[in-house]
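Enquirer: Mind looking over this structure? Questions follow.
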Ligand SMILES: Nc1ncnc2c1ncn2[C@@H]1O[C@H](COP(=O)(O)OP(=O)(O)OP(=O)(O)O)[C@@H](O)[C@H]1O
Ligand SMILES: [Mg+2]
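Chains as they are written, first to last, in this note's numbering: chain B, 2 to 268; chain C, 7 to 271.
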């Protein structure tokens, strides 16, 4: 699915009459089957943007189009995407397997069938042994994998991922990145992946969308022309180093600006 | 996979954990016994623990203890069950329907701070001093905290969880049944525990004030007090405390069974 974002803006009501302009008009075409990484300082509206794309918040301006790349038919927003949340939002009263099987359960898939499917997805994320545990009994990294499995089981063509690996330890993170590369290369989805890690963005993405400090705009789109299938070896290539430097300079300016902005606001 | 502790290990650990409390109980009653014996305190003021135990034993032997305790427990549970059904039901309804909440909110705000014991005269005028009076007093008193906890439990469900469910394809109806209700179970359970405590208090109070049936631990307590049978007063207090403790522990156990995710394991 193509995701076409046109002049999209979002103003949040921040209690009382206060309003926060989170997104300045933003326009971009996230091409079908491509992996886009959103990079930008904290509070610049990355989460806001992908929640809008997922149809989970109302727009303050602009339009979002979801189009079938073959038939070009316009699709309803939200129906073909699934979100992996920054806060995970696992259901604490459901065991791991019942969390993962939530979507199919809502669709009325029988218990046996949805459990079988959930076990497959849990195997991919390495959590079979913890199917009967409650989220609170898991480590942070395991919870993140549950959230990933719960999104993957939906089989939707658009995957919205909000800092999915941010809380993982460095080793688990690498394993999950490689796993995600494998999943993506096996079945090309349109992925919008928010991250703060430049190396992660280059390793995974086909493009890096660098956003400016609040209100978020797109500052630059950096294409990542590293061949697929990718492995961890790409970090050793000169191209990787060049991309890293480029992205780092862009982002450093914005992070500094965002910090000055926040300091001025709190003063 | 996590390890499961064996039963004997768990009981051993439990005894060890409670040892300080057990020791403090023993010391307390021993000191009491010694004080009474040594200072020769008249039993009307302060009977010795041994004398209280003897009285308790006699009450158990002639069957009066279990008869009155049974009646009191019946009233507590009858009142509590009515309160639980109506309170949880209305609370959920208020939580789901803003209109119902708008109607009921001011009623709750006015009725909640009213001391429920102050309703005793009115209830006796209307219902007499029989079972209906005692059960309605405890039901009405326990009902409000149950209602309020259920309502606020529903309202405080994390809105992001609702969005998550919607994102995963849940309909409005499914969101209410599969997310809103289970998410508010811990709050509902907490309200039920609160309600049970209040039901106990008001049944005993109702038995003490104007109970015509001459039954129940509350009645036993006040009638023993009136003729200065202090051992019996203490025996009744002991029974009430023990029954309360058993009910509370039982509720904790049931809560863990209903909502295992809400408690440390
Ligand atoms: N539900 C909301 N209500 C009010 N304001 C909000 C809400 N969500 C986000 N905001 C505001 O919008 C701005 C952008 O928030 P957003 O969460 O999109 O940032 P972000 O780029 O994802 O940041 P981070 O990298 O820290 O996750 C922030 O100023 C935030 O305070
Ligand atoms: Mg965010």
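Every residue gets a Cβ at the ideal spot worked out from N, C-alpha and C, and that includes glycine.
Tell me the rounded alpha-carbon separation between residue 134 (chain C) and residue 219 (chain C).
Expert: 11 Å
Enquirer: If you scan the stretch 29 to 95 of chain B from start to end, which runs of the beta strand (DSSP E) of 3 or more residues do you find wholly inside it?
Expert: The beta strand (DSSP E) runs lying completely inside the stretch 29 to 95 of chain B and spanning 3 residues or more are 36 to 40, 62 to 68 and 82 to 85, given in chain order.
Enquirer: Given the structure, does residue 47 (chain B) come close to ligand 4, in the sense that its CB is under 7 Å from one of the ligand's heavy atoms?
Expert: Absence of ligand 4 is noted for the structure shown, with ligand 1 and ligand 2 being the only ligands found.
Enquirer: Run through chain C and tell me which residues come within less than 7 Å of residue 137 (chain B), C-beta to C-beta.
Expert: 267
Enquirer: Tell me which residues share the same chain as residue 57 (chain C) and place their Cβ nearer than 7 Å to its Cβ, disregarding the 5 neighbours each side in the sequence.
Expert: 49 and 237
Enquirer: Would you say the beta carbon of residue 164 (chain B) comes nearer than 7 Å to a heavy atom of ligand 2?
Expert: Answer for residue 164 (chain B): yes, Cβ within range of ligand 2.
Enquirer: For residue 7 (chain C), count the other beta carbons within 10 Å of its own beta carbon; 16 or more makes it buried, fewer makes it exposed. Which is it?
Expert: With a pLDDT of 47 at residue 7 (chain C), under the threshold of 50, the modelled position of that residue is not reliable, and the figure given next carries that caveat. Answer is exposed; the Cβ neighbour count stays below 16.
Enquirer: Are there any heavy atoms of ligand 1 lying less than 7 Å away from the beta-carbon of residue 172 (chain B), as far as the coordinates show?
Expert: Outside the cutoff, so no.
Enquirer: Pick helix, strand or coil for residue 7 (chain C), following the three-state DSSP scheme.
Expert: In this prediction, residue 7 (chain C) has a pLDDT of 47, which is less than 50 and means its spatial position is unreliable; nothing more can be read from the coordinates.
Enquirer: Can you tell which of C:243, C:45 and C:54 has the C-alpha that lies nearest to the C-alpha of residue 39 (chain C)?
Expert: C:54
Enquirer: Verify the contact flag: residue 27 (chain B), CB atom, against every heavy atom of ligand 2, threshold strictly below 7 Å.
Expert: The answer is no for residue 27 (chain B).
Enquirer: Using 8 Å as the limit for Cβ to Cβ distance, is residue 165 (chain C) near chain B?
Expert: no
Enquirer: From the DSSP output, read off the bridge partner residues of residue 219 (chain B).
Expert: B:212
Enquirer: With residue 215 (chain B) and residue 259 (chain B) assumed to form a contact (beta carbons below 8 Å), what rounded beta-carbon distance in angstroms separates them?
Expert: 7 Å
Enquirer: Using the beta-carbon count (16 or more within 10 Å), is residue 86 (chain B) buried or exposed?
Expert: buried
Enquirer: Where are the beta strand (DSSP E) runs, 3 residues long or more, that stay fully inside the stretch 92 to 163 of chain B, in chain order?
Expert: 159 to 163
Enquirer: Could you give the first and the last residue of the continuous beta strand (DSSP E) run that contains residue 5 (chain B)?
Expert: 3 to 14
Enquirer: If you run the structure through DSSP and keep just helix, strand and coil, what is residue 232 (chain C)?
Expert: helix
Enquirer: Under 7 Å: does the beta carbon of residue 145 (chain B) sit that close to some heavy atom of ligand 2?
Expert: no
Enquirer: Buried or exposed for residue 41 (chain B), going by 16 or more other Cβ atoms inside 10 Å?
Expert: buried
Enquirer: Please confirm if residue 258 (chain C) has its CB atom under 8 Å from at least one CB of chain B.
Expert: no
Enquirer: What's the gap between the Cα of residue 28 (chain B) and the Cα of residue 123 (chain B)?
Expert: Cα-Cα distance, rounded: 36 Å.
Enquirer: Whole angstroms is fine: what's the gap from residue 212 (chain B)'s alpha carbon to residue 121 (chain B)'s?
Expert: 37 Å
Enquirer: List, in order along the chain, the chain B residues whose C-beta lies closer than 7 Å to that of residue 170 (chain C)?
Expert: Close partners of residue 170 (chain C) in chain B (Cβ separation under 7 Å): 86 and 90.
Enquirer: Taking only the alpha-carbon atoms, compute the straight-line gap between residue 193 (chain B) and residue 118 (chain B) and give it to the nearest angstrom.
Expert: 25 Å
Enquirer: Quick check: the Cα distance between residue 75 (chain C) and residue 223 (chain C), rounded to an integer number of angstroms?
Expert: 6 Å
Enquirer: Taking 7 Å as the cut-off, is the C-beta of residue 195 (chain B) nearer than that to any heavy atom in ligand 2?
Expert: Distances between the C-beta of residue 195 (chain B) and the heavy atoms of ligand 2 include at least one below 7 Å.
Enquirer: Buried or exposed for residue 280 (chain B), please, with buried defined as at least 16 other CB atoms from any protein chain shown within 10 angstroms of its CB.
Expert: Chain B is shown from 2 up to 268; residue 280 (chain B) falls before or after that span and cannot be answered.
Enquirer: What are the complete alpha helix (DSSP H) segments, minimum 4 residues, inside the stretch 174 to 204 of chain C?
Expert: 178 to 181
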